[in-house]
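Let me begin by presenting the structure, written as C-alpha cells, before commenting on it.
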Amino acid sequence: MKISTKGRYALRLMIDVAVHGGEEFVSLKDVAARQGISMKYLEQIAGLLGKAGFLRSGRGALGGYRLTKAPEEYTLGSILRLTEGNLAPVACLETEENACERCGVCPTLDFWTGLYAAVNEYVDRFTLADLVREELEKQGRASDPPQTEWQNAGLI
C-alpha cells in the first residue's frame, strides 16, 4: 500500500484549513502558496472533500473553504479512505466478500488480514486535531486550533 499525492495533499489541505480558518473561509490560492501544491490539483481534492461533506465552500471575495466539523471529528483514516479508497494491502481484501479463489487455502491470508487491520487501526487512532496541534507547535503558536462555530456555540 502506498498513499498517493491525492491522499497526502488532502491531509495537508485539511490541516491548512484548520490552522488558518477557524470560522473564516480559507482561499485555495493561499493554501496552494503555503503548501507548494498546484491550484488545479487542490481544486480537484477540495471538490472531492466538499462532496463528501468534509469541507464547506464559500463564494466571493471572502470565499474559500472551511471545515464542516471540528478537527477532532475527522479521523485521518476517514480522509485517506475517501481519497485513496480501501487501504487494503492486497487485492483480495479490497471487498467485503473475498472473491479470491484461493482464500480458503492461502497461507498468507491471515498475515495480510492482520496488516490490513493494523493499518486501519493506526490511521483511525489519529484525528485531524492531532496533526493540527503538531503543526501549531512547529510554528511556535498556541497548541489549540482557532475557535470554530461549534466551540463558540458550546456544541463541542
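Numbering (my numbering), first residue to last: -15 to 140.
Even for Gly, the Cβ is constructed at its ideal location relative to N, Cα and C.
On the criterion of 16 or more Cβ atoms from any shown chain inside 10 Å, does residue i qualify as buried, or is it exposed?
| i | result |
| --- | --- |
| V89 | exposed |
| Y106 | exposed |
| A(-6) | buried |
| D0 | buried |
| F95 | exposed |
| R86 | exposed |
| L46 | exposed |
| A2 | buried |
Determine the extent of the alpha helix (DSSP H) in which residue i is found, giving its start and end residues.
| i | result |
| --- | --- |
| R50 | Run containing R50: none in the alpha helix (DSSP H); it sits in the beta strand (DSSP E), 48 to 51. |
| G(-9) | -11 to 5 |
| K(-14) | No alpha helix (DSSP H) holds K(-14); DSSP gives it neither H nor E. |
| G31 | 23 to 35 |
What does DSSP give as the partner residues of residue i in its beta bridges?
| i | result |
| --- | --- |
| G42 | G48 |
| V15 | Answer by DSSP bridge pairing: none, since V15 is not bridged. |
The region 33 to 53 in contact with the region 69 to 81 per 3-pair CB rule at 8 Å: By the criterion of at least three beta-carbon pairs nearer than 8 Å, the region 33 to 53 is not in contact with the region 69 to 81.
Taking the runs of the alpha helix (DSSP H) that are 4 residues or longer, which of them lie wholly in the region 54 to 131? Counting only runs of 4 or more residues that sit fully inside the region 54 to 131, the alpha helix (DSSP H) segments are 60 to 68, 93 to 109, 112 to 122, in chain order.
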